[in-house]
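Undergrad: Residue numbers (my numbering), protein chains in the order written: chain C, 137 to 275; chain R, 137 to 275; chain E, 957 to 1372; chain L, 957 to 1372.
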Ligand SMILES: Cc1ncc(COP(=O)(O)O)c(C=O)c1O
Ligand SMILES: Cc1ncc(COP(=O)(O)O)c(C=O)c1O
């Protein structure tokens, strides 16, 4: 059983997390998004909205907005970076583990939901999936 | 804390309890009772009905009927014996402790309710009292 | 651990018994506990799991970010997973913790029943239901003008399934509810067949599994039911916890039951959005220690093997029936040994079950006397009350012997 | 024991702490537990009382005639008596065991609310309610077309009572519900005054006492309320148990909530008669061990003295507020020290409460971060979330010091 700071706090707040948190990429909204979806983490009130524009099956613009902790906001920023330019099908394939790999940190069960909120919002928006990615593992 | 058989089983089934159980006094019903009331012990399904006739303020006939264990039936039999010929006011004064003294045995919290069922039925019938006699002590 | 579920060697009840502190406690007379259908005893493993939670990781769950809160959350959700697996659920999301079976059935009656049933609908139950699977439906029936119908029992204490097609015939039945193993008769009911007929008639099937989950292998998929209620304290677990399993689609469609923290996703003064399954139905601080204790109970039962637990129950009940038939004036209630679990109720001529129990208590033999929360069944059987002996994995044949000796003694006392 | 309730010597928190196994457990970093508003830690006396039940007298209650069943029944009802006495109830019959505060409030919403409220009626709550005293009423309001009204808060985080007469003016209000001590702001609300106005307007008064019963002397008579809900796990007791006190006349008039065993007097297939108070509202096998554990918690709290427990909380909160003001960029939520209990919530500029909590966790400091099940309050305060420290009898000033040190550290991490 690993706690939130399984690898220690300094590990959790690695340079790149703080960097994405304090200098988020793709923060903002799109004017007439093709896809827009907002979700919250019921446990803490974190809130993420993802706006996507798709052209020729490719995500040609993506923005996130919302409020939350460094993990949820950095994750959203990283996810935007990762999917921009990808096809929707490629985006759909991004898994829970891929997201955690992007974050590069170990998360306990509660903060895991912060780390996965952006992905969850994307998936719900992009193809109506309303469960936690990999839900039963973190149920 | 004293169990059902606080004083040992042979104590509990003293001669006079078994005698009243096996040879109940006043068992039966009255044809047109002045007062009739039936109650059950929800814990076990024991059931007692008491029928009373009152003349000149005196209980001039009393009968009990119902089904139940030796304690509840013997208690009813003893209570009938005790109140026949008494005034209603005198009958109302019979307390929980008086009833237990009549029984002459120690009862744990569960069988206490068997021992007091007849008295409870009488009180409810005789003056609309709908609580256990001495309720808070045996709540 | 799963392998042992199908092990064939029989249970070493004497060794099992050593793991239950209540049987090691010193007392004037040894405890002969024959009331496991009312509540089971608890092994050290269960008590210790709860003490460990309280003593090392006690914290509220789901919201705490600090270490012990995350450990407590993981332990709680882990217990859910083990329990879901134990009964054959497809996902832990279908398993809602409640405070007991009664609360589980009331959850269905309120959240599903109130949203689905209307005047003119009907519910089919059985005459052998425990009050827990009767009174919630009576309350609903009175409120909504819904009709209750009952599957009767045969003379040998089995469900009279011949009556079922007629009960279902008019297509108004929305729910069929039945106890899996009767807590009085011990009868093991043919749930899969009832569920098949219920579904064919367009009704949902609810199973009161309070007496089966603790005693025999169960699989909600094989039973083919829709709702499945059970209770922790009868399955070697603590008081204060139970479970409701239901098909996910049904749970998704149901409105919540209790409102409060945790079951919501977002609250504004003007209204709220519900949380996901299973938390939509878990309002407020849950019985956390109890869920963890129940998880330990599941592990313990699995280590014994449910096939073996059931075989042990059935051996004891067969032995008890044989021995009880020796007692003059004794009437056994319920079916033959091959059709029942580890429960045996009886009456003794001229001696009220209360008095039977009191005499037995004097020898340290604990049996239940009364209607066992099944008044309508007793009415159908034509007896106001009965005495009942019931077993679990720690029960021994000499406890049956003590019971029989006590019954002979009771007859002597009352023959005076 | 009662005498110590008014003792003046202050609490020896260091000695108290020794009696809590969680603080004696070995761990890499000492536990600085500042989340008692979420759940309290448990003293040995409580855990041992439950272990003793399971290990020596484990049996189902009220129906068993044998010795351990009678002992278990007596222990359970004894716990009720002690709890009733602790909150000033006139009779133990007015005290219903529930599984937590949330269930207690839902009981009122279902059994009283559904039988008393109709379209056009109104309920007054406060903006600072915990979801437990908000969502049940939202569900009812939506179902019955009942209007919800809210007492707002002032800039300092107190109830704005000036608004109450207007809210009550049209005579449509049937219930006023308010939290006794806010679980976020720490505000101690003037319940007696609110109850007075509620009654004058013909409304009933419900108090969510989840944060007061565990921390200060309470007396339902002095408060003048009608319904009073509390929860065991916050008052040094186990999870899985709580209580509802209500005036007897109200309870007598209410229909039951959950149906099942024990709450009935007589069951026929066609209908049932309810049991007496308090059992009418206690369906199925209750949390027996938990009630006994809660009884032990009451004894323990009384031995400390509730005046002293409250004084200890308030000393710590005053100290914490003083120390927290040193932290640059920190904003305290709620009123001044003299108006609050042992709860202090705050925000830190530029650092989300989650991140605050994670940094603190690294030093073993356990605080809560989020909306603390009070989303509408956070909306009113204009912050999405806050961090919260809260105390109980085992809390120490050096835990506050560790909190402050951790906050300075968090500022450094996020200043990179
Ligand atoms: C003010 C208040 N009300 C209600 C509750 C709900 O208590 P429980 O979760 O034990 O039902 C809490 C605690 O979470 C609380 O702080
Ligand atoms: C068949 C059956 N159903 C339901 C129950 C109720 O269980 P609980 O009291 O734990 O809710 C019991 C046990 O009392 C039972 O035997």
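For every residue, glycine included, the Cβ atom is placed at its ideal position computed from N, Cα and C.
Can we count residue 1329/E as close to ligand 2, meaning its CB is less than 7 Å from some heavy atom?
TA: yes
Undergrad: Between 241/C, 222/C, 193/C, 250/C, which has its C-alpha nearest residue 212/C's C-alpha?
TA: The closest CA to that of residue 212/C, considering only 241/C, 222/C, 193/C, 250/C, is found on 250/C.
Undergrad: Go through its chain and collect everything with a Cβ distance to residue 1005/L's Cβ below 6 Å, but skip five positions before and after it.
TA: 1248, 1249, 1252
Undergrad: Tell me the DSSP bridge mates of residue 1229/E?
TA: The bridge partners DSSP lists for residue 1229/E are 1222/E.
Undergrad: Which residues in the same chain as residue 959/L place their Cβ atom closer than 6 Å to its Cβ, once the five residues preceding and following it in sequence are excluded?
TA: Confidence at residue 959/L is low in this model, with a pLDDT of 41, below 50, so the placement of that residue is unreliable and no value is reported for it.
Undergrad: Strictly by DSSP, which residues pair up with residue 1160/E?
TA: 1131/E
Undergrad: Under a three-way DSSP split, which group does residue 1062/E fall into?
TA: Here DSSP, grouped into helix, strand and coil, assigns residue 1062/E to helix.
Undergrad: Apart from the five residues just before and just after residue 275/R, which ones in its own chain have a Cβ nearer than 6 Å to its Cβ?
TA: Only weak support exists for where residue 275/R lies, its pLDDT of 31 falling under 50; the coordinates are left without a value.
Undergrad: Anyone know if the C-beta pair for residue 1141/E and residue 996/E falls short of 8 Å?
TA: no
Undergrad: Output yes if chain L places a C-beta closer than 8 Å to the C-beta of residue 161/C; else output no.
TA: So, not an interface residue.
Undergrad: At the level of alpha carbons, what is the spacing between residue 266/C and residue 1326/L?
TA: Residue confidence is low: residue 266/C scores 47 on pLDDT, short of 50, so the model does not pin down where it sits. No coordinate-derived value is stated.
Undergrad: Closer than 9 Å by beta-carbon distance: list the chain C residues that pair up with residue 1205/E, in chain order.
TA: By Cβ distance, chain C contributes nothing, its closest Cβ being about 13 Å from residue 1205/E, past 9 Å.
Undergrad: Mind checking which residues open and close the beta strand (DSSP E) that includes residue 990/L?
TA: From DSSP, residue 990/L is part of no beta strand (DSSP E); its letter is neither H nor E.
Undergrad: Does the beta-carbon of residue 1364/E have 16 or more other beta-carbons within 10 angstroms, so that it is buried, or is it exposed?
TA: exposed
Undergrad: Going by C-alpha to C-alpha distance, which of 1313/L, 1177/L, 1266/L sits closest to residue 1295/L?
TA: 1266/L
Undergrad: So what does residue 1042/L bridge to, in DSSP terms?
TA: According to DSSP, residue 1042/L bridges with nothing at all.
Undergrad: Return yes when the C-beta of residue 1135/E is under 7 Å from any heavy atom of ligand 2, and no when it is not.
TA: Judged by the Cβ position, residue 1135/E qualifies as a neighbour of ligand 2 at the 7 Å threshold, a heavy atom of the ligand being closer than this.
Undergrad: Output yes or no for whether 8 Å exceeds the beta carbon distance between residue 248/C and residue 215/C.
TA: Going by C-beta atoms, residue 248/C is not nearer than 8 Å to residue 215/C.
Undergrad: Does the Cβ-Cβ distance between residue 1303/E and residue 1356/E come in under 8 Å?
TA: no
Undergrad: Report buried or exposed for residue 1167/L, applying the criterion of at least 16 other Cβ atoms within 10 angstroms of its Cβ.
TA: buried
Undergrad: Please check the pair residue 1066/E and residue 1213/E, which I expect to be a contact at CB under 8 Å, by giving their CB distance rounded to whole angstroms.
TA: 5 Å
Undergrad: What whole-angstrom Cβ distance do residue 178/C and residue 1021/E have, given they're in contact under 8 Å?
TA: With 8 Å as the limit, residue 178/C and residue 1021/E do not qualify as a contact, their Cβ atoms being about 15 Å apart.
Undergrad: Helix, strand or coil for residue 1366/E, going by three-state DSSP, please let me know.
TA: helix
Undergrad: Between the alpha carbons of residue 1002/E and residue 232/R, how many angstroms are there, rounded?
TA: 42 Å
Undergrad: Residue 1077/L touches chain E at which residues, Cβ-Cβ below 7 Å?
TA: Ordered by position in chain E, no residue passes the 7 Å Cβ test against residue 1077/L, which lies about 17 Å from the chain.
Undergrad: Entirely within the stretch 1256 to 1323 of chain E and at least 4 residues each: give me those alpha helix (DSSP H) ranges in chain order.
TA: Entirely contained in the stretch 1256 to 1323 of chain E, the alpha helix (DSSP H) runs reaching 4 residues are, in chain order, 1262 to 1280, 1309 to 1317.
Undergrad: Residues of chain R with CB under 9 Å from residue 1220/L, in chain order?
TA: 178
Undergrad: Using 10 angstroms around the beta-carbon of residue 1367/L, count the other beta-carbons present and answer buried if the total reaches 16, otherwise exposed.
TA: buried
Undergrad: What does DSSP give as the partner residues of residue 201/R in its beta bridges?
TA: 185/R
Undergrad: In this structure, does DSSP put residue 148/R in helix, strand or coil?
TA: Note: residue 148/R maps to helix in three-state DSSP.
Undergrad: Is any heavy atom of ligand 1 found at a distance shorter than 7 Å from the C-beta of residue 1241/E?
TA: Residue 1241/E: yes, Cβ under 7 Å from ligand 1.
Undergrad: Let me make sure I understand the geometry here. Which of 158/R, 159/R, 189/R has the alpha-carbon closest to that of residue 172/R?
TA: 189/R
Undergrad: Compare the C-beta of residue 1224/E with all C-beta atoms of chain L and state if any pair is closer than 8 Å.
TA: yes
Undergrad: Confirm the yes/no value for this check: CB of residue 1164/L, any heavy atom of ligand 1, distance under 7 Å.
TA: Yes.
Undergrad: Going along chain R, which residues have a C-beta under 7 Å from residue 1340/E?
TA: 181, 203
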